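Single-structure report; data block below.
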Amino acid sequence: MHYGLQNMFYKYIWSANWWNQGAKDAAASHIDLRCQKRDSAAFQALVSSDRDEFLLTVGGDAILGKSGPIKIVRCEIETDAPCEVEVKLIGLIEDDDRTLKSDVLLEDRHAYVQKRKIQPIWIELHAGESAAAGTYGGKVKFYAHSMFEDEVLERELTFSLTIGDRALPDPREYSFYLDLWQHNCNIARKYNVAYWSDAHFAILDSYLHSLGQLGQKALTLIVSEEPWCGQRSFIDAEPSDLNEYSIVPVVKRRSGEFAYDFSRLDRYVELGEKHGIHEELEIFGLINVWEHEEEGFGSIVQDYPDAIRVRYYDEAAESYRFIRDQNDLAAYVQALEQHFIEKGWIDRVRVVADEPEDFDLFAKRMACLREMAPAFQYKAAIHQSEFIRKGVQGIVDYVPILDCAAGEFEQLMQVRSEAKGRMLYYVCCVPDKPNTFLSSPAIESRVIPWLAERLQMDGFLRWNYTVWPDNPLEKLSYRPSLWKAGDTNFVYPGKGGRPLLSLRYKWLQRGIRDFEYIQLLKRSGLEEHVEQALQRIFKFDHPAQLCPGSGKTAEQLYSFHPEDYDRLYM
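Take 1 as the starting number for the sequence shown in UniProt numbering and just add one per residue.
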């Protein structure tokens with residue numbers, strides 16, 4: 001048997017593995033950890049056997065092998081640190097190349113482990129605001145037995161935890177501006193519940209909690225049908241259901257008047273506020289709606305330059321129809337605007353344009369919508385710098401893709417100095433690095449918030465949180481020629497309506513907390529310490545070297561060594 005410790009960024013790959021990998025990866029028997037108050041420190045414990053299969057458990061419940069006698073190994077954590085201890089088995093997910101990689105944090109309390117396979121365990125110590133600063137000790141103990149034998153202590157590993165005297169803010173007060181889009185209909189489908197039912201909202205409560213723990217700022221509100229054309233799943237050999245639908249039911253009364261039900265929208269906003277997600281209400285489906293005319297996803301409002309699709313129930317016809325008249329569309333948009341004004345939310349509203357391509361067409365669409373609803377403010381995820389250089393009246397927040405943010409750095413800084421809104425950057429299926437794919441180096445999820453600091457951005461946007469294919473735990477790989485596995489999610493659908501977090505979620509969270517600590521240091525007059533940390537992490541001379549055309553490898557752009565990041569806390 002092999003027992004050992006690794007840092008939190010260890011990523012196990014189960015494929016063609018060296019004969020001695022179990023012993024090699026488990027060579028360390030001690031690890032030193034560091035965190036602040038209202039923070040956490042995490043590491044991994046590894047267990048494997050070269051000769052025999054075994055059962056590994058991280059709980060105290062009685063357990064026997066279902067196929068008869070088998071060695072049972074129990075992991076137990078002891079520490080005098082004033083922390084809540086979280087222990088989870090780490091599950092493997094198949095990547096596009098069919099290798100199995102560590103990613104999902106399981107709720108299962110035991111796992112069958114075949115011989116020569118390493119089973120990682122996630123161990124995280126959460127220090128609250130009242131935790132006393134100091135250095136504490138801890139042990140990771142492994143007990144073994146079979147059937148009705150008494151347990152025997154087989155191995156003991158050790159760790160230390162130093163809690164600093166500073167406290168990070170509560171996640172709802174983070175300054176890092178995180179915007180991970182929500183795809184709530186997809187969540188409902190995974191649990192087989194009706195859209196916007198009480199059961200759906202109960203599940204969304206858990207998912208918004210997980211987002212709130214990252215410091216999420218924006219709530220996604222989809223107010224027309226299919227703003228992304230189901231992510232064009234119709235082009236796939238094995239399509240997954242990725243359709244997203246409006247949160248606002250619309251009815252045409254027998255009198256001919258339209259009625260709009262904003263109760264679901266209001267309920268979702270209030271649920272987000274419960275979890276500290278209240279900075280922004282991002283509206284999808286009103287501008288730059290994706291169009292694919294040949295596949296049936298064209299514009300349906302006569303002579304209108306965008307493909308807004310508003311579905312309503314016609315009481316007189318006793319059937320569902322779609323708004324096709326510009327005046328009816330304008331009435332709906334104006335009703336939305338008025339509702340946000342009456343609720344006192346209008347300053348938080350951002351109507352989002354996702355990757356507009358034709359500048360003149362986009363400007364025309366903006367002009368039409370602004371005439372309908374002049375109180376709306378706009379945000380654009382941009383993958384062409386032309387849209388920033390030329391400027392479009394009404395856009396408050398700019399979100400350039402990383403290649404644009406890096407390649408047009410000086411121009412963006414000029415725009416930033418003049419703009420009144422925020423500036424984030426985003427990654428999606430591109431660029432290859434840094435990114436948060438299953439195949440991405442673990443450190444890249446951590447480096448993303450650091451890069452926001454280096455590029456003088458307010459934060460980070462990504463299109464994914466739960467854009468799962470139909471069976472993500474069985475087959476996450478989907479459309480691999482365009483989307484690398486992991487491009488679609490940071491969490492997985494777990495049992496009981498709760499998300500299963502991923503290692504990539506935890507690694508991103510660590511980077512966000514680093515960002516918060518950086519702001520704390522800057523406010524304390526320690527800008528030089530921060531600058532030294534940035535120089536230690538980033539190796540490029542100019543942000544443009546982050547672009548693929550530079551020919552730089554990831555290792556030539558930023559540090560792959562966790563200890564370089566951890567020195568921020570020393």
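Yeah, the Cβ is synthetic: ideal placement off N, Cα and C, and Gly gets one too. Source: prediction; values computed, not measured.
Just to confirm my understanding: we take residue i, look at its own chain, exclude 5 residues before and 5 after, and list those with CB closer than 7 Å. What are they?
i           : result
residue 543 : 406, 409 and 455
residue 494 : 107 and 500
residue 247 : 196, 221, 222, 223, 264, 265 and 268
residue 177 : 217, 422, 424, 458 and 459
residue 579 : Past the boundaries of the shown model lies residue 579; the chain is included only from 1 to 570, so the question cannot be answered.
residue 212 : 171, 172, 275, 276 and 277
residue 359 : 386, 387 and 390
residue 321 : 312 and 314
Classify residue i: buried if its beta carbon has 16 or more other beta carbons within 10 angstroms, exposed otherwise.
i           : result
residue 30  : exposed
residue 412 : buried
residue 347 : exposed
residue 571 : Residue 571 lies beyond the stretch modelled for the chain, which goes from 1 to 570, so this question has no answer here.
residue 71  : buried
residue 148 : exposed
residue 374 : exposed
residue 192 : exposed
residue 208 : buried
residue 74  : buried
residue 466 : buried
Just to confirm, are residue i and residue j a CB contact at a threshold of 8 Å?
i           : j           : result
residue 224 : residue 233 : no
residue 301 : residue 277 : no
residue 264 : residue 196 : yes
residue 459 : residue 179 : yes
residue 453 : residue 515 : yes
residue 490 : residue 477 : no
residue 9   : residue 123 : no
residue 523 : residue 39  : no
residue 143 : residue 80  : no
residue 429 : residue 508 : no
residue 22  : residue 116 : yes
residue 376 : residue 349 : yes
Ignore the nearest five residues each way along the sequence and tell me which others in residue i's own chain have a CB closer than 6 Å to its CB.
i           : result
residue 401 : 383 and 426
residue 421 : 396 and 397
residue 380 : 353 and 395
residue 12  : 102, 118 and 120
Taking the straight line between their C-alpha atoms, what separation do you get for residue i and residue j?
i           : j           : result
residue 327 : residue 305 : 14 Å
residue 314 : residue 194 : 21 Å
residue 538 : residue 448 : 12 Å
residue 201 : residue 102 : 30 Å
residue 53  : residue 47  : 11 Å
residue 86  : residue 169 : 21 Å
residue 533 : residue 404 : 25 Å
residue 34  : residue 517 : 13 Å
residue 84  : residue 140 : 15 Å
residue 215 : residue 175 : 8 Å
residue 471 : residue 189 : 11 Å
residue 612 : residue 237 : With the chain covering only 1 through 570, there is no way to say anything about residue 612.
residue 5   : residue 120 : 9 Å
residue 339 : residue 303 : 26 Å
residue 434 : residue 112 : 34 Å
residue 546 : residue 362 : 28 Å
residue 568 : residue 529 : 8 Å
residue 251 : residue 334 : 16 Å
Look up residue i in the DSSP assignment and say whether it is helix, strand or coil.
i           : result
residue 89  : strand
residue 7   : strand
residue 216 : strand
residue 626 : Outside the shown range of the chain, which is 1 to 570, sits residue 626, and nothing can be said about it.
residue 498 : coil
residue 572 : Outside the shown range of the chain (1 to 570) lies residue 572, about which nothing can therefore be said.
residue 167 : strand
residue 369 : helix
residue 345 : coil
residue 143 : strand
residue 545 : helix
residue 413 : helix
residue 450 : helix
residue 275 : coil
residue 381 : strand
residue 507 : helix
Taking 7 Å as the cut-off, does the CB of residue i come closer than this to any heavy atom belonging to the ligand NAD?
i           : result
residue 518 : Here there are no bound small molecules, and the ligand NAD is not part of this structure.
Between residue i and the rest of its own chain, which residues show a CB-CB distance below 8 Å, the 5 nearest in sequence each way excluded?
i           : result
residue 206 : 497, 498 and 499
residue 7   : 31, 43, 44 and 562
residue 152 : 143, 144 and 145
residue 579 : Here the chain comprises residues numbered 1 to 570, so residue 579 is not present and cannot be evaluated.
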